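Per the numbering used here, the sequence shown starts with residue 1, numbered consecutively.
To keep things clear, I will list the structure first and then write my remarks on it.
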Amino acid sequence: MKFIKSQAELDEVLESLRTDGKTIGFVPTLGALHEGHGSLIARSKRQTDFTVCSIFVNPTQFNESTDLAKYPRTLDADKALLEEIDCDLLFYPDVETVYPNGFSDSPDIDLQGLDEVLEGAFRGGHFDGVVQVVKRLLELVKPSHLYLGQKDFQQFSIVQFMIDYYEIPTMLVVCPIKREKSGLAMSSRNMRLTPRNRERAVIIKRTLDYAQRRLKNHFVKEVRAYAFNRMKIDGFRPEYFEIVDGRTLKAVESMDESDYIVACTAVWAGEIRLIDNKIYKKPKTK
Ligand code: AMP
Numbered sequence: 001m002k003f004i005k006s007q008a009e010l011d012e013v014l015e016s017l018r019t020d021g022k023t024i025g026f027v028p029t030l031g032a033l034h035e036g037h038g039s040l041i042a043r044s045k046r047q048t049d050f051t052v053c054s055i056f057v058n059p060t061q062f063n064e065s066t067d068l069a070k071y072p073r074t075l076d077a078d079k080a081l082l083e084e085i086d087c088d089l090l091f092y093p094d095v096e097t098v099y100p101n102g103f104s105d106s107p108d109i110d111l112q113g114l115d116e117v118l119e120g121a122f123r124g125g126h127f128d129g130v131v132q133v134v135k136r137l138l139e140l141v142k143p144s145h146l147y148l149g150q151k152d153f154q155q156f157s158i159v160q161f162m163i164d165y166y167e168i169p170t171m172l173v174v175c176p177i178k179r180e181k182s183g184l185a186m187s188s189r190n191m192r193l194t195p196r197n198r199e200r201a202v203i204i205k206r207t208l209d210y211a212q213r214r215l216k217n218h219f220v221k222e223v224r225a226y227a228f229n230r231m232k233i234d235g236f237r238p239e240y241f242e243i244v245d246g247r248t249l250k251a252v253e254s255m256d257e258s259d260y261i262v263a264c265t266a267v268w269a270g271e272i273r274l275i276d277n278k279i280y281k282k283p284k285t286k
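This is how it looks when you write it as structure tokens:
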């Protein structure tokens, strides 16, 4: 596996591949890699000729500096995992490479309210940072395919909007959520959970499943409130449980309102904020 920090080195490797007509798959991450990231890399390896994974803890998407400081950094273990799964290249740029003109150079794009709901309502400026970094990484890597996880449902919706808006010639592929045996969605943050909270965090997935069953004979409004309250167990604080249209991300009042419906939730487990989602209704073409 190649390990590259600079744009010049990256260009050198990728330009020759592009000249040879090879497809390039790209998996951007914040590091502290786990099987969820591994599944994106595996998918890219199946579908493209050359797979690039990036690790960059992007300062502009963290709205709390303590969260940025505490974000786990495990480069040696990450490299070992990437070697094991035979990723072709790890791009590990520093802040100056990603933001040569400083942080303020951010894209001016109206996200049509996609960034104002769910995560956006609680993490001000988060998606400005996400759009800024993904746009910049796509400029650096210029991949034919971009692999993101359904785990961050709102993130991929916004990135797809941005790709369409700027007409970036990259195909976005969304990969299913990888879960621990318990059902807890894998996340780099899970390693910071206390053992007790890690066990109890299964309530999130169970609530997503339970709410879906309950929708068969209850109103959306009731299910939403019920699910939210169900996760108020000792030491846990749900932030939202929303049932939304999968395209606009706006809350729905009835399951008949759209052919694409997703439940999204964020819950504090002690000091750690966890997110998860489940697609309740999927359009035939998706
Ligand atoms: P992160 O390092 O958390 O920014 O995640 C990098 C990419 O991996 C994003 O596209 C995430 O949606 C995806 N990802 C994170 N956790 C999972 C998971 N449990 N299953 C599938 N994809 C995931």
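Glycine included, each C-beta is placed from N, C-alpha and C at the ideal position.
From a predicted model like this one, the values you see are computed outputs, not experimental measurements.
Taking all protein chains shown into account, do 16 or more other C-beta atoms lie within 10 angstroms of the C-beta of M231, making it buried, or fewer, making it exposed? Buried.
Residues in the same chain with beta-carbon distance under 7 Å from P283, minus the five sequence neighbours each way, listed in chain order, please. Around P283, the same chain offers D259, Y260 as residues with beta carbons nearer than 7 Å, after the five sequence neighbours per side are excluded.
Identify the continuous beta strand (DSSP E) that holds Y71 and give its terminal residues. Careful: Y71 lies outside any beta strand (DSSP E) and carries neither H nor E.
With a Cβ-Cβ cutoff of 7 Å, do H145 and M171 count as a contact? Yes.
State buried or exposed for D110, treating a residue as buried only when at least 16 other CB atoms are found within 10 Å of its CB. Classification of D110: exposed, given that the 10 Å Cβ count is below 16.
Measuring from the CB of M162, is there a heavy atom of ligand 1 at a distance below 6 Å? For ligand 1, not one heavy atom lies less than 6 Å from the Cβ of M162.
Can you say whether E64 is buried or exposed, counting buried as having 16 or more other CB atoms within 10 angstroms of its CB? Result: exposed.
Is the beta carbon of S44 closer than 7 Å to that of F91? F91 is not a Cβ neighbour of S44, given a cutoff of 7 Å.
How would you label S6, buried or exposed, when you count the other beta carbons within 10 angstroms and need 16 or more for buried? With fewer than 16 Cβ atoms within 10 Å of its Cβ, S6 is classed as exposed.
How many angstroms separate the CA atom of I158 from the CA atom of G25? Answer to the nearest angstrom: the Cα atoms are 19 Å apart.
Is DSSP giving A97 helix, strand or coil here? For the sequence presented, residue 97 should be read as Thr rather than Ala. Reduced to three states, the DSSP call for T97 is helix.
Touch check for the region 70 to 86 and the region 27 to 47: three-plus C-beta pairs under 8 Å? In short, these stretches touch, since the Cβ pair count reaches three.
Bridge partners of N277, per DSSP? Per DSSP, C264.
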